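Enquirer:
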Amino acid sequence: MKDVPLFSVLIAARNEAESLPQLLRDLAAQTLPAARFEVLIADDHSTDTTAAVVAAAAAETGFALRLISLSADQTGKKAALQAALQAARAPWLVCTDADCRLGPGWLAAYAAHLARQPQANFISGPVLLTGPNTFFTTLMGLEFAGLVGVGAACLAHQQPTMCNGANLAYRRASFEAVGGYADNAHLASGDDEFLLHKIHAAFPGTAHFLADAAAIARTAAPPTLRALLRQRVRWASKWRHYHSPAPRRLALLVLGANVALAAGVAAALFWPGLWPWVAASWVIKLGADAWFLGPVLDFFGQRKWLLGLVPLQLLYAPYALAVGAAGWRGGYEWKGRAVRG
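First residue of the sequence shown? That's 1 in the UniProt record's numbering, and the numbers climb one at a time after it.
Below is the structure:
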């Protein structure tokens with residue numbers, strides 16, 4: 001096995017000619033020896049120069065880099081990842097997105113985790129939103145950090161709910177044992193969480209969160225409210241397809257708690273006697289959120305985002321209801337394609 005890399009990095013790319021050079025530089029700077037990993041970029045019918053960028057880099061880079069071109073009947077992220085996986089050689093598959101930025105210790109952090117947990121079958125990595133220092137970015141970053149923190153906490157209690165395809169790894173043998181994407185290939189989203197739930201069900205106790213700052217993948221926050229809503233609707237569209245009860249219960253709990261707080265304020269406007277109870281509920285909710293989010297934001301080096309906690313809470317009920325309703329309907333646009341389901 002000395003000639004076989006430990007990791008195959010799988011990247012699905014569609015029209016990412018501008019982003020890929022930065023990601024490729026990050027991969028070239030990895031502290032893990034180049035012989036221990038390979039990179040496969042699957043071009044999902046890009047209409048820009050994505051393929052040319054990868055081909056040019058493959059001739060110059062110090063690590064093994066291959067371009068995988070999808071056939072006419074293959075489209076979408078899952079098809080791209082599957083095509084890359086079929087050409088991969090390593091026992092472990094690591095996934096990130098073409099527009100992510102990675103630190104030099106990214107792959108080394110995964111290798112260190114496997115040394116500590118050799119029985120692992122799935123590893124969820126941390127993802128941080130980046131962007132201009134604006135109020136909008138603060139709210140997005142705070143919400144996203146909360147999602148990462150909740151996903152990590154659920155994995156710590158072996159009740160996995162969520163992870164992010166921008167930063168995760170899984171054992172090839174476990175992917176094949178659970179059938180890969182076979183039962184959800186028709187859904188555009190869910191290349192990450194459906195796989196997490198299936199591997200946990202088949203191999204309990206072998207899914208972990210990689211709590212190592214060196215493993216953080218950084219991705220740019222959506223630039224506009226419309227882009228944010230489109231992304232969140234895409235994520236929410238897979239909720240009704242979950243088979244695992246844990247993410248369903250979590251989604252209902254989060255939505256119910258936030259809607260209840262907003263409903264309490266509306267009710268207190270008509271029945272002023274409710275104000276002490278409503279105020280106490282808000283203090284408890286915000287206090288619990290701050291207690292939970294503090295260590296998560298410290299991990300990401302973004303403690304200042306806690307200043308957005310109150311405004312985010314005020315906006316969250318209508319935001320969650322709108323995204324949930326649109327996600328249930330199931331239609332959205334992604335990467336220039338209209339998607340159903």
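Cβ coordinates follow ideal geometry from the N, Cα and C atoms, glycine included.
From a predicted model like this one, the values you see are computed outputs, not experimental measurements.
Could you tell me the alpha carbon to alpha carbon distance between MET1 and ILE216, rounded to whole angstroms?
Expert: Model confidence at MET1 stands at a pLDDT of 48, short of 50, so the residue's coordinates are unreliable; what they give is reported in the following sentence. If you take the alpha carbons of MET1 and ILE216, they lie about 29 Å apart.
Enquirer: Give me, in chain order, the residues of the same chain whose beta-carbon lies closer than 7 Å to that of GLY324; leave out the 5 immediate sequence neighbours on both sides.
Expert: Counting only Cβ-Cβ distances below 7 Å, and skipping sequence neighbours, we find ALA236 and LEU255.
Enquirer: From the DSSP output, in three-state form, read off THR31 for me.
Expert: THR31: coil per DSSP, three-state reduction.
Enquirer: Using DSSP with H/G/I as helix, E/B as strand and the rest coil, what is ILE216?
Expert: Coil at ILE216, not helix or strand.
Enquirer: Does the beta-carbon distance from LEU67 to VAL39 come in below 7 Å?
Expert: No, Cβ-Cβ distance for LEU67 and VAL39 is not below 7 Å.
Enquirer: Identify the continuous beta strand (DSSP E) that holds TRP106 and give its terminal residues.
Expert: Element bounds for TRP106: not the beta strand (DSSP E) but the alpha helix (DSSP H), 106–116.
Enquirer: Suppose only complete runs of 3+ residues qualify. What are the beta strand (DSSP E) ranges in the stretch 95–183, listed by chain order?
Expert: Counting whole runs of 3 or more residues, the stretch 95–183 contains the beta strand (DSSP E) stretches 100–102, 122–124, 127–130 and 167–171.
Enquirer: Relative to the alpha-carbon of THR161, which residue among VAL150, ASN167 and LEU85 has its alpha-carbon at the smallest distance?
Expert: Ranking the options by Cα distance to THR161, first place goes to VAL150.
Enquirer: Taking 7 Å as the threshold (C-beta atoms), are THR49 and ASP43 in contact?
Expert: No, the Cβ-Cβ distance between ASP43 and THR49 is not below 7 Å.
Enquirer: Specify the secondary structure class of SER69 as computed by DSSP and reduced to three states.
Expert: Looking at SER69 - three-state DSSP - the assignment turns out to be strand.
Enquirer: Can you tell me where the beta strand (DSSP E) holding GLU38 begins and where it ends?
Expert: Residues 37–43.
Enquirer: Tell me the DSSP secondary structure of ALA262 in three-state form.
Expert: The answer is helix: DSSP assigns ALA262 an H, G or I state.
Enquirer: Using CA coordinates, which residue listed in LEU23, ILE41 and PHE299 is at the minimum distance from ASP99?
Expert: Ranking the options by Cα distance to ASP99, first place goes to LEU23.
Enquirer: Is the beta carbon of ALA166 less than 7 Å from the beta carbon of VAL127?
Expert: Result yes, Cβ atoms of ALA166 and VAL127 sit closer than 7 Å.
Enquirer: Looking at the unbroken alpha helix (DSSP H) that takes in ALA290, where does it start and where does it end?
Expert: 275–300 is the span of the alpha helix (DSSP H), which, as asked, contains ALA290.
Enquirer: Which partner residues does HIS208 have in the DSSP bridge list?
Expert: Per DSSP, ILE123.
Enquirer: Could you please give the first and the last residue of the uninterrupted alpha helix (DSSP H) stretch that includes LEU10?
Expert: Looking at the DSSP string, LEU10 is not in any alpha helix (DSSP H); the run it does join, the beta strand (DSSP E), is 7–13.
Enquirer: What is the C-beta distance between GLU143 and CYS163, in whole angstroms, given that I count them as a contact (C-beta under 8 Å)?
Expert: Going by Cβ atoms, the distance from GLU143 to CYS163 rounds to 16 Å, so no, they are not a contact pair.
Enquirer: Quick check: the stretch 80–87 against the stretch 10–19, are there 3 or more CB pairs under 8 Å?
Expert: Yes, they touch.
Enquirer: Distance check for ALA145 and ARG234, CA to CA, integer angstroms please.
Expert: Those two C-alpha atoms are separated by around 18 Å.
Enquirer: For the candidate residues ALA156, GLU16 and PHE175, whose alpha-carbon lies nearest to that of VAL54?
Expert: When only C-alpha atoms are compared, the closest one is GLU16.
Enquirer: Output yes if chain C places a C-beta closer than 7 Å to the C-beta of GLU143; else output no.
Expert: This model lacks chain C altogether, as it is built from one protein chain only.
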